[in-house]
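Each remark here refers to the structure printed beneath this line.
In the numbering used here, the protein residues as written are 29 to 234.
Right, here's the structure in full:
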């Protein structure tokens with residue numbers, strides 16, 4: 029009986045270390061934003077300062093996102109997990125994608141960087157992991173200064189300037205309704221879908 033009591037204090041530090049390690053692994057990701065919205069041709073034409081942009085700002089961003097994405101947890105060299113749920117899309121199966129752009133508190137050169145969602149033709153759920161060091165202009169962001177807002181840009185499949193509002197057949201793109209969620213995962217960690225908010229945030233009522 030006495031031996032058991034002596035063993036428990038000796039084992040306890042290792043147990044606490046294990047629990048702390050598990051908790052840390054789970055904590056090394058965060059939801060950057062989770063928005064559900066309808067986007068019409070009129071909204072795309074009149075979005076300011078740039079057409080075809082849906083702006084994720086203020087309370088739509090996670091207020092607890094880190095100010096420094098390089099330390100003490102390294103998100104800059106991790107991955108972004110994007111989940112795009114296309115709830116409504118015009119018929120016709122037109123190839124569509126979204127550019128997801130990080131707007132930093134401090135930039136350099138062009139001052140922002142973007143990755144693209146998968147191309148889709150119909151409603152459904154589309155997910156992918158994007159290395160934070162691989163997407164377009166990721167080096168133009170001073171990651172130690174954090175991210176201010178996000179710009180979501182609806183496009184066709186023709187390349188960087190294929191903004192959907194410019195198409196003469198814009199009825200193939202608008203109106204659309206989507207839910208988009210971006211989860212930032214730290215370097216060396218793996219995306220955990222349990223963190224995904226469910227049910228989705230009803231940002232259309234905000």
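We put the CB at the ideal spot given by N, CA and C, even for glycine. Bear in mind that the values here come from a model prediction, so they are computed numbers and not experimental data.
Next item on the list: List the residues that DSSP assigns as beta-bridge partners of residue 82.
Entry: 180
Notebook entry, point to check: Can you tell me where the beta strand (DSSP E) with residue 108 in it begins and where it stops?
Noted result: 107-116
Item checked: Assigned secondary structure, residue 121 (DSSP; H/G/I helix, E/B strand, else coil) -> coil
Check: If you compare alpha carbons, which of 97, 118, 225, 112 is closest to residue 133?
Finding: 97
Notebook entry, point to check: For residue 155, which beta-bridge partners are listed by DSSP?
Noted result: 111
Check: Do the CB positions of residue 156 and residue 213 come within less than 8 Å of each other?
Finding: no
Margin query: To the nearest angstrom, how far is the alpha carbon of residue 181 from that of residue 83?
Written below: 9 Å
Checklist line | Cut-off 8 Å between Cβ atoms - residues of its own chain near residue 150, not counting five sequence neighbours on either side | finding: 114, 117, 121
Checklist line | residue 35 in three-state terms, based on DSSP | finding: Low local confidence applies: a pLDDT of 43 at residue 35 is under 50, so the model's placement there is unreliable, and no value is given.
Notebook entry, point to check: When the distance is taken between beta carbons, is residue 168 closer than 8 Å to residue 141?
Noted result: yes
Next item on the list: Taking 8 Å as the threshold, find out whether the segment 65-74 comes into contact with the segment 191-206 through three or more Cβ pairs.
Entry: yes
Notebook entry, point to check: Would you report the Cα separation of residue 174 and residue 136, rounded to the nearest angstrom?
Noted result: 13 Å
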